[in-house]
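What follows is a single structure, written as structure tokens, with notes after it.
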Amino acid sequence: MLDEYLPEDIVYSILDRIPKKYLLRFQCVSKHSHRLISDFINSKSRRMILLNEQQPFEVINEHDNAILTVSPPCRIQQYYGDRNRIIGTLNGIVVMINAFDGDIILYYPFTGAVKNIPDTSCHDHSSRNFYAYGFGYGTTADDLKIVMIHGSSNGYGSYSTTNFCDVFSLKTRSWNAISNLNSVYYFDGNYNDSVFVNGYLYWMVHDCRRRGVILALDLKNMIFSEIEFPCAQVKTCYLGTFKGSLCAICLQTNNPKYELWVIKGHGLKKSWSKVCSLTSLLEEKCISTFHRWNMLMCILDEGKIVMDKNGDVIIYDMLNDSHKKVQTLTSRHYGLQAIEYVESCASLSL
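Be aware that the sequence shown starts at 1, since it is given in the UniProt record's numbering, and climbs by one per residue.
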């Protein structure tokens with residue numbers, strides 16, 4: 001048998017090159033092939049934490065405490081450190097942006113495949129321009145899209161008289177402009193993190209009245225809309241997903257506890273429902289405020305938070321109100337990110 005003569009990693013490397021539809025057919029050949037291919041497919045759907053701490057990505061499997069380093073090809077070594085931002089990940093693909101020149105690349109960590117995205121003519125990374133990005137799909141999962149929102153700063157934050165939006169389709173390999181972003185929004189930071197859920201991209205923004213709202217983009221119909229925060233007088237809010245739905249972790253000015261809220265579908269403010277209060281989150285002095293240097297890095301869909309606590313990677317379980325250390329950082333920088341990564345049998349066609 002194949003796996004009796006070859007190491008598992010080589011067997012999986014071979015299977016990784018076979019289209020998924022053929023793998024499913026080969027499962028019927030024998031009990032052994034069914035077990036082998038089933039194990040391979042299951043291994044490709046495990047949820048992991050991808051940490052861009054230093055040159056090799058670190059992949060953390062929180063359930064078995066395994067830590068794996070993934071060294072990228074020399075071709076993208078320059079994208080690491082505080083110059084690198086991860087836009088998002090889907091189908092096993094990681095989309096990255098270089099903060100210096102604005103280059104966008106697709107990266108498949110476990111095969112090392114890399115692909116550059118062609119630049120758009122409006123891409124001008126001068127100091128007076130700002131950009132926000134997103135990665136998702138509308139109708140079908142194979143029609144992946146990269147969204148870029150950009151505008152000119154007026155010197156008082158990232159406000160401009162006009163916002164523009166361009167969308168790159170991985171299927172057609174082309175950029176297209178969206179003309180229905182009629183309002184002006186302020187995105188906090190040059191590379192505002194987006195959240196993709198069920199065909200929508202979401203960003204935390206402020207409108208022209210400096211009112212905090214959630215900006216949503218329907219990737220099927222390419223229509224923007226706004227969603228109100230789940231509660232009034234929000235001091236701090238962070239977006240993520242919880243069991244496949246958009247969630248928000250909020251701290252109100254008149255409430256000393258962080259709260260987890262979830263919205264079902266894509267609706268109005270009344271669609272929000274409170275899940276729980278995060279009691280112990282405020283008991284730790286070093287994690288008492290959501291700050292990128294020393295706080296929340298990402299929300300895991302199963303109801304946990306990945307946090308940086310004084311240089312330690314902490315996983316906080318919101319439902320059980322408990323936390324544990326899984327890793328110690330060897331370096332810390334402004335661009336430090338953690339994302340939830342799910343490997344896929346889909347390959348990155350180069």
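Backbone N, C-alpha and C fix where the C-beta goes; we use that ideal spot for every residue, glycine too.
Under 8 Å between C-beta atoms of residue i and residue j
{"i": "G88", "j": "F196", "result": "yes"}
{"i": "Y185", "j": "H206", "result": "yes"}
{"i": "N52", "j": "N84", "result": "yes"}
{"i": "L181", "j": "L201", "result": "no"}
{"i": "V95", "j": "P109", "result": "no"}
{"i": "W175", "j": "F187", "result": "no"}
{"i": "S183", "j": "C165", "result": "no"}
{"i": "A177", "j": "I149", "result": "no"}
{"i": "residue 363", "j": "G134", "result": "Given a span of 1 to 350 for the chain in the structure shown, any question on residue 363 remains unanswerable."}
{"i": "I37", "j": "L23", "result": "yes"}
{"i": "K325", "j": "D312", "result": "yes"}
DSSP state of residue i mapped onto helix, strand, coil
{"i": "S271", "result": "helix"}
{"i": "L36", "result": "helix"}
{"i": "R209", "result": "coil"}
{"i": "V262", "result": "strand"}
{"i": "K31", "result": "helix"}
{"i": "V184", "result": "coil"}
{"i": "F26", "result": "helix"}
{"i": "I10", "result": "helix"}
{"i": "T279", "result": "helix"}
{"i": "D16", "result": "helix"}
{"i": "Q327", "result": "strand"}
{"i": "F164", "result": "strand"}
{"i": "D142", "result": "coil"}
{"i": "Q337", "result": "coil"}
{"i": "N52", "result": "coil"}
{"i": "Q233", "result": "coil"}
{"i": "residue 364", "result": "Summary: the structure shown does not reach residue 364, with the chain confined to residues 1 through 350, and so no result is reported for it."}
{"i": "residue 352", "result": "The structure shown does not extend to residue 352, since the chain spans only 1 to 350, so no value can be given for it."}
Best match in the options for proximity to residue i [C-alpha to C-alpha]
{"i": "S169", "options": "P118, R35, V213 and N52", "result": "P118"}
{"i": "N320", "options": "G138, E302, I18 and C247", "result": "E302"}
{"i": "P256", "options": "G244, S277 and C298", "result": "S277"}
{"i": "T172", "options": "S179, S194, I149 and K145", "result": "K145"}
{"i": "T328", "options": "E340, N310, E343 and S322", "result": "N310"}
{"i": "V342", "options": "I105, L50, C28 and T140", "result": "L50"}
{"i": "R211", "options": "F229, S225 and S194", "result": "F229"}
{"i": "T279", "options": "L260, S273 and M297", "result": "L260"}
{"i": "V234", "options": "V213, S225, W272 and N221", "result": "V213"}
{"i": "L296", "options": "S273, L336, S30 and V262", "result": "L336"}
{"i": "S13", "options": "T111, N61 and L36", "result": "T111"}
{"i": "E340", "options": "I315, E226 and I18", "result": "I315"}
{"i": "L246", "options": "Y258, N221, K324 and K274", "result": "K274"}
{"i": "N221", "options": "A232, T139 and I86", "result": "T139"}
{"i": "W272", "options": "F242, I18, V306 and L106", "result": "F242"}
{"i": "M48", "options": "I105, I104, M307 and L300", "result": "L300"}
{"i": "A338", "options": "S322, H323 and C298", "result": "C298"}
Nearest-angstrom Cα separation, counted from residue j out to residue i
{"i": "D143", "j": "A113", "result": "19 Å"}
{"i": "H32", "j": "D101", "result": "50 Å"}
{"i": "V223", "j": "S179", "result": "It is worth fixing the name first, because residue 223 is Ile in this sequence and not Val. If I take the Cα positions, the gap works out to 9 Å."}
{"i": "V59", "j": "I97", "result": "19 Å"}
{"i": "G244", "j": "G199", "result": "11 Å"}
{"i": "D16", "j": "D317", "result": "33 Å"}
{"i": "S288", "j": "N254", "result": "With a pLDDT of 42 at S288, under the threshold of 50, the predicted position of this residue should be treated as unreliable, though the coordinate-derived value follows. Their Cα atoms are separated by approximately 15 Å."}
{"i": "residue 354", "j": "T120", "result": "Because residue 354 is not part of the residues shown, which for the chain are 1 to 350, the question remains open."}
{"i": "V167", "j": "Y137", "result": "11 Å"}
{"i": "A216", "j": "V262", "result": "15 Å"}
{"i": "V29", "j": "A141", "result": "29 Å"}
{"i": "D3", "j": "C231", "result": "At D3, the pLDDT of 49 sits below 50, so the modelled position is not reliable; the number obtained from the coordinates is stated separately. Distance between the alpha carbons of D3 and C231 is about 55 Å."}
{"i": "residue 354", "j": "F57", "result": "Limits of the chain in this structure are 1 at one end and 350 at the other, which puts residue 354 out of reach."}
{"i": "I227", "j": "Y107", "result": "32 Å"}
{"i": "H34", "j": "G151", "result": "53 Å"}
Residue-chain proximity (residue i, chain D), Cβ-Cβ < 8 Å
{"i": "T89", "result": "Although the question refers to chain D, the structure presented lacks it and comprises just one protein chain."}
Between the region 225–239 and the region 247–265, are three or more C-beta pairs nearer than 8 Å? yes
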